[in-house]
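Here the structure comes first, spelled out in C-alpha coordinates, and everything after it is commentary.
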Amino acid sequence: MVGHGTAAVVHVVSLRDDPRLLAQMIRFFQAQWGSPNNDPLYANCLTHSVAPIGPLPQWYLALTASGQVAGGCGLIPNDFISRMDLMPWLCALAVRPPYRHQGVSRMLVARVVADAAAAGFERLYLGTDLTDFYERQGFSYLGEGYQPWGGRLRIYQRPLQQA
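Take the position in the sequence shown, starting the count at 1, then add 143; the result is the number in the working numbering.
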(Lines of atoms letter the chains of each structure in order from A and count residues from 1; the text may use other names and numbers.)
(Lines give C-alpha, C1' and ligand atoms only; values in the text may rest on other atoms or scores of the structure.)
Protein backbone atom coordinates (compact mmCIF):
# COMPACT_ATOMS: atom_id res chain seq x y z
CA MET A 1 0.00 0.00 0.00
CA VAL A 2 1.25 3.48 -0.89
CA GLY A 3 0.31 6.81 0.65
CA HIS A 4 -1.18 7.92 3.95
CA GLY A 5 -4.54 7.51 5.64
CA THR A 6 -7.74 6.54 3.87
CA ALA A 7 -6.57 7.86 0.48
CA ALA A 8 -3.84 5.22 0.17
CA VAL A 9 -3.42 3.65 -3.25
CA VAL A 10 -3.97 -0.05 -2.88
CA HIS A 11 -3.90 -1.44 -6.40
CA VAL A 12 -3.47 -0.95 -10.12
CA VAL A 13 -6.20 -2.37 -12.32
CA SER A 14 -6.33 -2.75 -16.10
CA LEU A 15 -9.31 -1.96 -18.27
CA ARG A 16 -8.99 -5.46 -19.67
CA ASP A 17 -9.43 -6.93 -16.17
CA ASP A 18 -12.35 -4.66 -15.27
CA PRO A 19 -14.25 -3.23 -18.29
CA ARG A 20 -16.65 -1.51 -15.86
CA LEU A 21 -13.92 1.12 -15.46
CA LEU A 22 -14.29 2.31 -19.06
CA ALA A 23 -16.22 5.54 -18.38
CA GLN A 24 -13.98 6.38 -15.41
CA MET A 25 -10.85 5.81 -17.52
CA ILE A 26 -12.15 7.94 -20.37
CA ARG A 27 -12.84 10.82 -17.96
CA PHE A 28 -9.41 10.49 -16.32
CA PHE A 29 -7.37 10.42 -19.54
CA GLN A 30 -9.42 13.20 -21.15
CA ALA A 31 -8.90 15.34 -18.03
CA GLN A 32 -5.14 14.70 -18.06
CA TRP A 33 -4.30 14.78 -21.76
CA GLY A 34 -7.44 15.77 -23.61
CA SER A 35 -8.80 18.84 -25.31
CA PRO A 36 -11.97 19.49 -27.29
CA ASN A 37 -10.01 18.44 -30.39
CA ASN A 38 -8.76 15.10 -29.10
CA ASP A 39 -11.29 14.00 -26.46
CA PRO A 40 -12.89 11.66 -29.03
CA LEU A 41 -9.48 10.04 -29.55
CA TYR A 42 -9.32 8.88 -25.93
CA ALA A 43 -12.94 7.76 -25.86
CA ASN A 44 -12.54 5.75 -29.07
CA CYS A 45 -9.15 4.30 -28.15
CA LEU A 46 -10.23 3.16 -24.70
CA THR A 47 -13.57 1.80 -25.91
CA HIS A 48 -11.76 -0.39 -28.45
CA SER A 49 -9.18 -1.49 -25.87
CA VAL A 50 -11.63 -3.35 -23.65
CA ALA A 51 -11.18 -6.66 -25.49
CA PRO A 52 -8.27 -6.45 -27.93
CA ILE A 53 -7.21 -9.48 -29.94
CA GLY A 54 -3.56 -9.43 -28.83
CA PRO A 55 -1.65 -8.23 -25.77
CA LEU A 56 -1.88 -4.55 -26.78
CA PRO A 57 -3.25 -2.05 -26.03
CA GLN A 58 -3.80 -2.04 -22.29
CA TRP A 59 -4.83 0.85 -20.04
CA TYR A 60 -4.48 1.11 -16.27
CA LEU A 61 -5.72 3.07 -13.28
CA ALA A 62 -4.21 3.29 -9.81
CA LEU A 63 -7.11 3.31 -7.38
CA THR A 64 -7.40 4.16 -3.71
CA ALA A 65 -9.19 1.97 -1.20
CA SER A 66 -12.25 4.18 -1.66
CA GLY A 67 -12.14 3.86 -5.46
CA GLN A 68 -10.69 7.29 -6.21
CA VAL A 69 -8.40 7.52 -9.24
CA ALA A 70 -4.85 8.42 -8.23
CA GLY A 71 -3.24 7.98 -11.65
CA GLY A 72 -3.15 6.05 -14.87
CA CYS A 73 -1.18 5.08 -17.96
CA GLY A 74 -1.28 2.93 -21.06
CA LEU A 75 0.71 0.20 -22.80
CA ILE A 76 0.37 0.66 -26.56
CA PRO A 77 1.98 -0.36 -29.89
CA ASN A 78 3.16 3.18 -30.79
CA ASP A 79 2.88 6.60 -29.15
CA PHE A 80 2.51 8.86 -32.21
CA ILE A 81 6.26 8.85 -32.71
CA SER A 82 8.51 8.19 -35.69
CA ARG A 83 10.16 5.07 -34.26
CA MET A 84 7.52 2.62 -35.44
CA ASP A 85 10.16 -0.13 -35.28
CA LEU A 86 10.02 -0.04 -31.47
CA MET A 87 7.28 -1.68 -29.40
CA PRO A 88 5.58 -1.52 -26.89
CA TRP A 89 5.31 1.98 -25.45
CA LEU A 90 4.41 3.24 -22.00
CA CYS A 91 2.13 6.21 -22.62
CA ALA A 92 -0.01 8.85 -20.94
CA LEU A 93 1.46 8.34 -17.46
CA ALA A 94 -0.21 10.82 -15.13
CA VAL A 95 -0.64 11.03 -11.37
CA ARG A 96 -3.17 13.41 -9.87
CA PRO A 97 -1.48 16.07 -7.66
CA PRO A 98 -2.79 14.83 -4.28
CA TYR A 99 -1.14 11.44 -4.92
CA ARG A 100 2.25 12.57 -6.23
CA HIS A 101 5.45 11.62 -4.38
CA GLN A 102 3.75 8.54 -2.92
CA GLY A 103 5.04 5.88 -5.35
CA VAL A 104 1.96 5.83 -7.60
CA SER A 105 3.97 6.22 -10.81
CA ARG A 106 6.24 3.39 -9.70
CA MET A 107 3.22 1.14 -9.12
CA LEU A 108 1.84 1.96 -12.57
CA VAL A 109 5.18 1.44 -14.32
CA ALA A 110 5.73 -1.83 -12.44
CA ARG A 111 2.39 -3.16 -13.70
CA VAL A 112 3.16 -2.11 -17.28
CA VAL A 113 6.61 -3.71 -17.07
CA ALA A 114 5.14 -6.95 -15.72
CA ASP A 115 2.42 -7.12 -18.39
CA ALA A 116 4.80 -6.27 -21.24
CA ALA A 117 7.28 -8.91 -20.05
CA ALA A 118 4.49 -11.50 -19.67
CA ALA A 119 3.48 -10.76 -23.27
CA GLY A 120 7.01 -11.67 -24.38
CA PHE A 121 8.43 -8.22 -25.11
CA GLU A 122 12.11 -7.68 -24.33
CA ARG A 123 12.05 -3.89 -23.93
CA LEU A 124 9.63 -1.11 -23.06
CA TYR A 125 9.84 2.35 -24.66
CA LEU A 126 8.49 5.80 -23.94
CA GLY A 127 8.68 9.28 -25.40
CA THR A 128 8.96 12.31 -23.13
CA ASP A 129 10.43 15.75 -22.70
CA LEU A 130 11.27 14.95 -19.05
CA THR A 131 14.77 14.21 -17.86
CA ASP A 132 15.74 12.37 -14.66
CA PHE A 133 12.20 11.13 -13.88
CA TYR A 134 12.20 7.93 -15.93
CA GLU A 135 15.87 7.19 -15.30
CA ARG A 136 14.90 6.63 -11.66
CA GLN A 137 12.52 3.91 -12.86
CA GLY A 138 15.09 1.91 -14.82
CA PHE A 139 14.84 3.63 -18.21
CA SER A 140 17.83 4.85 -20.24
CA TYR A 141 17.98 7.42 -23.01
CA LEU A 142 17.89 5.90 -26.51
CA GLY A 143 17.64 8.89 -28.86
CA GLU A 144 15.30 11.43 -30.43
CA GLY A 145 11.94 10.73 -32.03
CA TYR A 146 9.58 12.91 -34.04
CA GLN A 147 5.85 13.40 -33.77
CA PRO A 148 3.46 13.80 -36.74
CA TRP A 149 2.73 17.43 -35.78
CA GLY A 150 6.41 18.37 -35.83
CA GLY A 151 7.30 17.88 -32.18
CA ARG A 152 10.40 16.13 -30.94
CA LEU A 153 10.62 13.82 -27.92
CA ARG A 154 13.35 12.00 -26.05
CA ILE A 155 12.97 8.22 -26.40
CA TYR A 156 13.79 6.01 -23.43
CA GLN A 157 14.02 2.24 -23.16
CA ARG A 158 13.95 -0.28 -20.35
CA PRO A 159 14.90 -3.94 -20.54
CA LEU A 160 12.11 -6.22 -19.33
CA GLN A 161 13.71 -9.59 -18.89
CA GLN A 162 17.01 -10.67 -17.44
CA ALA A 163 19.54 -12.19 -19.85
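The beta-carbon is built from N, C-alpha and C at its ideal position, and this holds for glycine as well. Here the structure is a predicted model, which means the values were calculated and not measured.
Your pair residue 208 and residue 153 checks out as a contact, with CB atoms roughly 5 Å apart and the cut at 8 Å. Per DSSP, the beta-bridge partners of residue 288 are 296.
Counting the other CB atoms within 10 Å of its CB gives residue 235 a total of 16 or more, which places it among the buried residues. For residue 274, the secondary structure class from DSSP, reduced to helix, strand or coil, is coil. Excluding sequence positions up to five before and after residue 186, its CB lies within less than 8 Å of the CB of 169, 173, all in the same chain and listed in chain order. The shortest C-alpha to C-alpha distance from residue 232 to any of 166, 205, 163, 288 is the one to 288.
Out of 247, 266, 224, the CA that lies nearest to the CA of residue 206 is found in 247.
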